[in-house]
Amino acid sequence: MKYRIMGKLGIQTSAFGLGCMRFNGAASGDSVIDEDKAISLIRRAVDGGVTYLDTAYVYLDKTSETVLGKALRDGYRDRVTIATKMPAEYVHNRAEMEALLDSELKKLQTDHIDFYLMHGINKEKWLYFQSIGAPAFFDDMKKAGKIRYKCFSFHGPYEDFEYILNDWDWDMVQIQYNFMDIHNQAGTKGLELAGKKGIPVVIMEGLLGGRLSRAPGNVQALYDAFPVKRTPVEWAFRWLCNHPEVSVVLSGCNEPEQIDDNLRIFDTVESGIMTEEELKLMDSVRAAYLSRTRIGCTGCRYCMPCPNGVDIPGVFSSWNEVSLYDTNPKWDWGLRQIREKGSGADQCVGCGACEAACPQHLSIIDGLQRAWKELQADE
Ligand SMILES: NC(=O)c1ccc[n+]([C@@H]2O[C@H](COP(=O)([O-])OP(=O)(O)OC[C@H]3O[C@@H](n4cnc5c(N)ncnc54)[C@H](OP(=O)(O)O)[C@@H]3O)[C@@H](O)[C@H]2O)c1
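Going from the sequence shown to the numbering used here is simple: count from 1 and add 983.
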């Protein structure tokens, strides 16, 4: 296992951090956890050198922290740092924040949390956390020794990230980042900004929830043609660890083989190790993925609202996503939401109001029909 120093905190961490959100292949919050298996996976990772464990109040129907607490009995707690999170949706005042944190400490069977994060915030959620006094609460809990570091995990546009990062003296930040997301969410710009400020960065979705572990044909062909043979997972982690600003790369593992594979990979990856040729390969891989884009919708929403309630950018985003990563539409979260709300392309009556408004001059009516047909295909 390679270890890294966490920016201005100056503490050492394993480069691989185990995410405790997906045991048994479960998406967050919607499945029953196999406790014995999860405990054995966590201990396998720690025995292999992992010192950073990430969970959250809401993961796996609120059972993730409990299972992690059990896994860290028998002396394992002293060998690791724990990151967990406070969700904005569950707290409205200081008393509720106190109660929530205490319940997390109890479930985790510990007297302190190392990294305490405001969970999945954007600017709106940060303003909300401020309005209920969360910054003062985090400072007080730090003084009381219940948390060691005050942090946030981020989902939103770069502008929000810059605003939040510059608005408080954060100890650490967790962002979604991988070789496909260089211009998405915090992106490379956000990573570098945090690095300049000395704020350690923890990476989530390094494999885009597993999508980057299964390369579609045109991408695999590029990997195969490269003189050095590595798996798609190894390329993705190698690319992330090449960035000096990255302290920890989280990955959720469902099987012992995945833990072992990641332990092997994180034994070899360090910042600045990628050659020019390797970096060019990753640029070509990104381009190969992007060439699979089905429609050039930028999500500007000029076409909205649709008079018939079709979520036009949503349908196109799912269409592109499913094609890019060659995934089954059944597992596309955005598409599930669209179906639940009845805002699918089947509501389109071809009135054309959207096409008149589209700055990209897309053939939206035709695109919606084709998208809906393809998105039904694997149902
Ligand atoms: N704060 C937030 O808002 C937030 C949001 C997302 C995630 N997170 C945290 O970040 C952690 C990491 O995110 P993530 O789980 O999305 O990470 P990820 O690494 O992008 O995806 C994990 C998935 O990748 C696959 N995988 C991992 N190692 C593999 C290997 N060696 N070979 C083949 N496949 C492999 C598995 O997919 P299969 O299931 O297909 O086998 C696994 O479920 C989470 O566990 C969670 O703790 C936080």
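Backbone N, C-alpha and C fix where the C-beta goes; we use that ideal spot for every residue, glycine too.
Contact test: residue i Cβ vs ligand 1 heavy atom, cutoff 6 Å
| i | result |
| --- | --- |
| D1309 | no |
| E1343 | Note that residue 1343 is Gln in the sequence shown, not Glu. Outside the cutoff, so no. |
| M956 | Residue 956 lies beyond the residue range present for the chain, which begins at 984 and ends at 1362; the question has no answer from this structure. |
| Q1241 | yes |
| R1213 | no |
| G1103 | yes |
| C1236 | yes |
| M1187 | yes |
| G1192 | yes |
| V1202 | no |
| S1254 | no |
| G1002 | yes |
Coil, strand or helix - residue i by DSSP
| i | result |
| --- | --- |
| A1039 | coil |
| L1001 | strand |
| F1006 | helix |
| T1049 | helix |
| Q995 | strand |
| Y986 | strand |
| A1117 | helix |
| D1097 | strand |
| V1268 | helix |
| D1013 | For D1013, the predicted structure reports a pLDDT of 48, less than 50, and the residue's modelled location is therefore unreliable. A value from the coordinates is still provided. In this structure, D1013 counts as coil in the three-state DSSP scheme. |
| M1187 | strand |
| N1343 | In the sequence under discussion, the amino acid at residue 1343 is Gln, which differs from the Asn named in the question. In the structure shown, Q1343 sits in coil (DSSP, three-state: anything other than H, G, I, E or B). |
| G1292 | coil |
| L1174 | helix |
Own chain residues within Cβ distance below 6 Å of residue i, not counting five before or after
| i | result |
| --- | --- |
| I1348 | G1333 |
| S1306 | R1275, R1277 |
| A1010 | Model confidence at A1010 stands at a pLDDT of 45, short of 50, so the residue's coordinates are unreliable; what they give is reported in the following sentence. Nothing listed; no residue qualifies. |
| K1222 | Going by the sequence as given, residue 1222 is Trp instead of Lys. Correct list, in chain order: F1162, M1265. |
Nearest residue (CA-CA) to residue i, options the options
| i | options | result |
| --- | --- | --- |
| S1326 | M1287, D1097, A1071, T1171 | M1287 |
| G1317 | N1105, S1196, L1358, V1252 | L1358 |
| F1120 | K1108, G1139, Y1099 | Y1099 |
| Q1092 | D1122, E1145, I1065 | I1065 |
| M1265 | C1224, A1219, L1088 | A1219 |
| F1006 | G1000, T996, D1017 | D1017 |
| L1273 | Y1111, Y1308, C1331, G1255 | Y1308 |
Rounded Cβ spacing between residue i and residue j (contact assumed at less than 8 Å)
| i | j | result |
| --- | --- | --- |
| I1025 | L1036 | 7 Å |
| C1283 | A998 | Between A998 and C1283 the Cβ distance is about 38 Å, and since that is not below 8 Å, they are no contact. |
| C1341 | C1289 | No, C1341 and C1289 are not in contact; Cβ-Cβ is about 12 Å, not under 8 Å. |
| C1003 | Y1040 | Actually they do not touch by this definition, with Cβ atoms about 12 Å apart. |
Contacting residues, own chain, Cβ-Cβ under 8 Å from residue i (five flanking each side not counted)
| i | result |
| --- | --- |
| I1174 | Note that residue 1174 corresponds to Leu in the displayed sequence, not to Ile. Cβ neighbours of L1174 beyond the five flanking positions: I1158, Y1160, V1184, H1226, E1228, V1229. |
| G1128 | D1094, H1095 |
Own chain partners of residue i with C-beta closer than 7 Å, once the 5 adjacent residues on each side are dropped
| i | result |
| --- | --- |
| A1177 | L1148, V1156, V1184, E1228 |
| N1303 | T1276, R1277, I1278 |
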